[in-house]
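Report on the following structure.
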């Protein structure tokens, strides 16, 4: 399997507080790796450090051998590492279609001047990408809601549109920050299926933060367990279930 | 999904308005023509303003500064450097754009919200101070008159000739702005307003989007300033104070924040309203204020939202399917 993401000794320290302590792992094509841990374990800091929102104090992140650590968030996204947000990153006042189109921003051709003057080059690329966005919505049976204001969707629908938007540009790596939080059991099952499809059919490497244990156990090939910023265990779901360090981190010393 | 019939009706409506307006000089007297010319200028001022505070969602009040910069640039270039006025329009736009660049640099340094509001207000007042204290260039308190000039053998003091020039400039700039908004650029502008952090995660360079929006806003309003200089024929510092800013702000809100249609409606209605209120001498300001307040209480989303409810053809979309 091709290695996509290599995280090497990643640390983040905020004036005395170590939020992320020397974390290393790799993410392969088509793999789903879950990151779990109690609140404050550094899961979100890990995501923010990989996607460029927090500058690591030390360590590196590479995508297919290319270093990402020095890049800004939009450059990292353009390289192909895309993410969702824990509390929902949709643009509520834009429609569903417009939201998905923002995910195709870098794919749409035409300079500022082409757009300003309404040149056919820009219009053609715009039309092609609108077509693509509609196709993607159709795959999720959301095409009938294309012109609905995103803020008017249900929580589950918003999560799905956010994922459609995030994967619209076919990124090789996807970081999902608690995609199932607040979802109904039916919507959770749908989210599971989407994750399986993205990894299995499209070969996307997925890094997943999630508290829903049954989703993590069912969706992930490997699980990384964190506590107090550091990695405390790593392995298959079966191995993690039996791991003493994990039980201690969650339940305290016995 | 807007049907193709709705789309073509919308295109038809867009072009029908300026074409019909071409006939207004036949039906108006010189005074009404002067008011209509002022409306065209207000449309551009409101449009540039709403782009920044409505679409981009930045509390920047440098709009009147861009307007003054454009007007003084046009007046100085015509009066002191002998440039034909028509050529000063794009140059005034360019200097307005430079003003936009300066205002955006504050926003890009992380000065946002109320802090951006106060720093951009200060920028406007600083410009007014500059007009007052650079007398050799701007004429100070005496202002700066534009030289007499003719185009196609017609004096540029002729309101009909000015109307056609103003109309052409307005149509071009409104159309170009619509092209921008109904593209990946327009979507990015509003994405920044809704959630700047999430916007960057979609490979959208947020800083460049903010910078470009301010620059385009400055350009549009700078061009409007050049039109205004010729409209009144004599630029004074007082034209570019708080009163102008508040009036444009009211136009933005009455029309509907972040709406091109709203910018046009707000500008037209609030430019016309004082003329109708002349029937109530001494009560004009009172009625004006009451009417603005009543519109905002009844329609917090502005007049454009009323039209949107009447027909889907007025719904503004930020993508463009036809090519």
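Protein chains in written order, with our numbering: chain A, 1 to 254; chain B, 255 to 577.
The beta-carbon is built from N, C-alpha and C at its ideal position, and this holds for glycine as well.
{"query": "Beta-carbon gap between residue 390 (chain B) and residue 336 (chain B) smaller than 9 Å", "result": "no"}
{"query": "Residue closest to residue 19 (chain A), alpha-carbon to alpha-carbon, out of A:33, A:11, A:70", "result": "A:11"}
{"query": "Three-way DSSP call (helix, strand, coil) for residue 86 (chain A) in this model", "result": "coil"}
{"query": "Within chain B, partners of residue 92 (chain A) - CB distance below 8 Å", "result": "448"}
{"query": "Under 8 Å by beta carbon: chain A residues contacting residue 366 (chain B)", "result": "Here the premise fails: no neighbours, minimum Cβ distance about 17 Å."}
{"query": "Selected residue, minimal CA-CA separation from residue 494 (chain B), among B:453, B:433, B:395", "result": "B:395"}
{"query": "Sufficient close CB pairs (3 or more, under 8 Å) joining the stretch 175-191 of chain A to the stretch 137-156 of chain A", "result": "yes"}
{"query": "Proximity of residue 232 (chain A) and residue 31 (chain A) at Cβ, strictly below 9 Å", "result": "no"}
{"query": "Given residue 340 (chain B) as reference, the closest of B:325, B:351, B:353 once Cα atoms are compared", "result": "B:325"}
{"query": "Below-9 Å beta-carbon distance, residue 458 (chain B) vs any chain A residue", "result": "yes"}
{"query": "Contacting positions in the stretch 103-118 of chain A - beta carbon closer than 8 Å to chain B", "result": "103, 104, 105, 106, 108, 110, 112, 115, 116, 117, 118"}
{"query": "Residue-level contact to chain A via CB, residue 471 (chain B), 9 Å cutoff", "result": "no"}
{"query": "Proximal residues of chain B, C-beta to C-beta of residue 19 (chain A) below 7 Å", "result": "Correct list: empty, because the minimum Cβ distance to chain B is about 18 Å."}
{"query": "Same chain only: Cβ atoms within 7 Å of residue 192 (chain A), ignoring 5 sequence neighbours per side", "result": "215, 218, 219"}
{"query": "Inside the stretch 78-127 of chain A only - beta strand (DSSP E) runs reaching at least 3 residues", "result": "81-83"}
{"query": "CB contact check: residue 97 (chain A) to chain B, cutoff 9 Å", "result": "yes"}
{"query": "Cβ-Cβ separation, residue 479 (chain B) to residue 322 (chain B) (assumed contact under 8 Å), whole Å", "result": "7 Å"}
{"query": "Close-in-space but distant-in-sequence residues of the same chain around residue 331 (chain B) (CB under 7 Å, 5 per side omitted)", "result": "337, 342, 345"}
{"query": "Residues sharing a beta bridge with residue 25 (chain A), DSSP", "result": "A:7"}
{"query": "Boundaries of the alpha helix (DSSP H) in which residue 239 (chain A) is found, first to last residue", "result": "237-242"}
{"query": "Under 9 Å by beta carbon: chain A residues contacting residue 265 (chain B)", "result": "Neighbours of residue 265 (chain B) on chain A: none; closest Cβ ~12 Å, over 9 Å."}
{"query": "Neighbourhood of residue 28 (chain A) by C-beta distance below 8 Å, restricted to the same chain and skipping five residues each side", "result": "1, 2, 3, 4, 205"}
{"query": "Counterpart residues of residue 177 (chain A) in DSSP-defined beta bridges", "result": "A:209"}
{"query": "Beta-carbon proximity of residue 467 (chain B) to residue 443 (chain B), cut-off 9 Å", "result": "yes"}
{"query": "DSSP-derived helix/strand/coil call for residue 54 (chain A)", "result": "coil"}
{"query": "Length of the line joining the Cα atoms of residue 236 (chain A) and residue 108 (chain A)", "result": "40 Å"}
{"query": "Residue 436 (chain B), DSSP secondary structure in three states", "result": "coil"}
{"query": "N- and C-terminal bounds of the alpha helix (DSSP H) containing residue 227 (chain A)", "result": "Note, residue 227 (chain A): premise wrong, no alpha helix (DSSP H); beta strand (DSSP E) at 222-227."}
{"query": "Contacts of residue 466 (chain B) in chain A (Cβ-Cβ under 9 Å)", "result": "112"}
{"query": "When A:105, A:17, A:44 are compared against residue 178 (chain A), the one with the closest alpha-carbon", "result": "A:44"}
{"query": "CB of residue 510 (chain B) within 9 Å of CB of residue 553 (chain B), strictly", "result": "yes"}
{"query": "For residue 573 (chain B) and residue 98 (chain A), believed in contact at Cβ under 8 Å, the rounded distance", "result": "6 Å"}
{"query": "Beta-carbon separation (whole angstroms), residue 353 (chain B) vs residue 406 (chain B), contact threshold 8 Å", "result": "Contact flag wrong, Cβ pair sits at about 32 Å."}
{"query": "Identity of the residues DSSP links to residue 142 (chain A) by a beta bridge", "result": "Paired residue(s): none; residue 142 (chain A) is not in a bridge."}
{"query": "Same chain, Cβ closer than 8 Å to residue 514 (chain B), five either side skipped, listed in chain order", "result": "301, 304, 428, 431, 432, 435, 570"}
{"query": "Residue 64 (chain A) and residue 172 (chain A) closer than 9 Å at C-beta", "result": "yes"}
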